[in-house]
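Numbering (UniProt numbering), first residue to last: 1 to 181.
What follows is a short report on a single structure.
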Amino acid sequence: MSKVPFAVVGAGNEITTADGRKVRGRAYPWGIIEVDNEEHCDFVKLRQMLIRTHMEELKEHTNNTLYENYRTDKLIAMGVSQDPSVFKEVNPAVKQEEERALHEQKLAKMEAEMKMVFQQKVTEKESKLKQSEEELYARHREMKEQLERQRMDLEEKKQRIESGRPIEGKETKKRGGFSLR
């Protein structure tokens, strides 16, 4: 890679060198340039780099693009039509991203539903507690009023007893009208 950019010379002719060898190259007035000689041309290095580092990419491109285009053209020439979505390439990263987005949408929907159910239960429980609280306050008021009435009755009876007046009420009628006078 230290030779980048490459100095490449191409030739389709075989030339006879001064020592009698036949080589691919070009003949110029100042001398012969050999295509396969690394001192004259970087073609060998370029070829090795392409074959070693990019052969798999070349195979994939040939198979996926060139062959598929050739096959499609042949089928169209024969009158056979095909659905283009059948040969649509699926990128695993994009597919995984789509699945993740779909999963996040489902999770968000489930979370929203769970929050809604939770909120409904909280509201329901709060209303039940409020109703229970109101019932307890009403019972408390009623018991307080009843206690106040009893206190007033007892206070009134006490005043009657202290003043010497007869106590009129349900208790005296039950006893047959007996009085303390």
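C-beta atoms are modelled at their ideal positions from N, C-alpha and C, and glycine is treated no differently.
None of these values were measured; they are calculated from a predicted model.
Using CA coordinates, which residue listed in the options is at the minimum distance from residue i?
i          : options           : result
residue 7  : 46, 17, 28        : 46
residue 32 : 104, 127, 10, 158 : 10
Is it right to say residue i is buried, meaning 16 or more other beta carbons lie within 10 angstroms of its own, or is it exposed?
i           : result
residue 97  : exposed
residue 148 : exposed
residue 4   : exposed
residue 156 : exposed
residue 35  : buried
residue 164 : exposed
Counting beta carbon pairs with one atom in the region 53–66 and one in the region 11–22, are three or more of them shorter than 8 Å? Fewer than three pairs of CB atoms, one per stretch, sit closer than 8 Å, so the region 11–22 makes no contact with the region 53–66.
Suppose only complete runs of 4+ residues qualify. What are the alpha helix (DSSP H) ranges in the region 43–73, listed by chain order? Secondary structure within the region 43–73: the alpha helix (DSSP H) runs of 4 or more consecutive residues, fully enclosed, are 43–61 (chain order).
Using 8 Å as the threshold, is the region 27–45 in touch with the region 62–75, meaning 3 or more CB pairs across them? No: the two stretches stay apart, fewer than three of their Cβ pairs being nearer than 8 Å.
At which residue ranges does the region 116–168 contain complete beta strand (DSSP E) runs of 3 or more residues, listed in the order of the chain? Assignment of beta strand (DSSP E) within the region 116–168, counting only whole runs of 3 or more residues, yields no such run.
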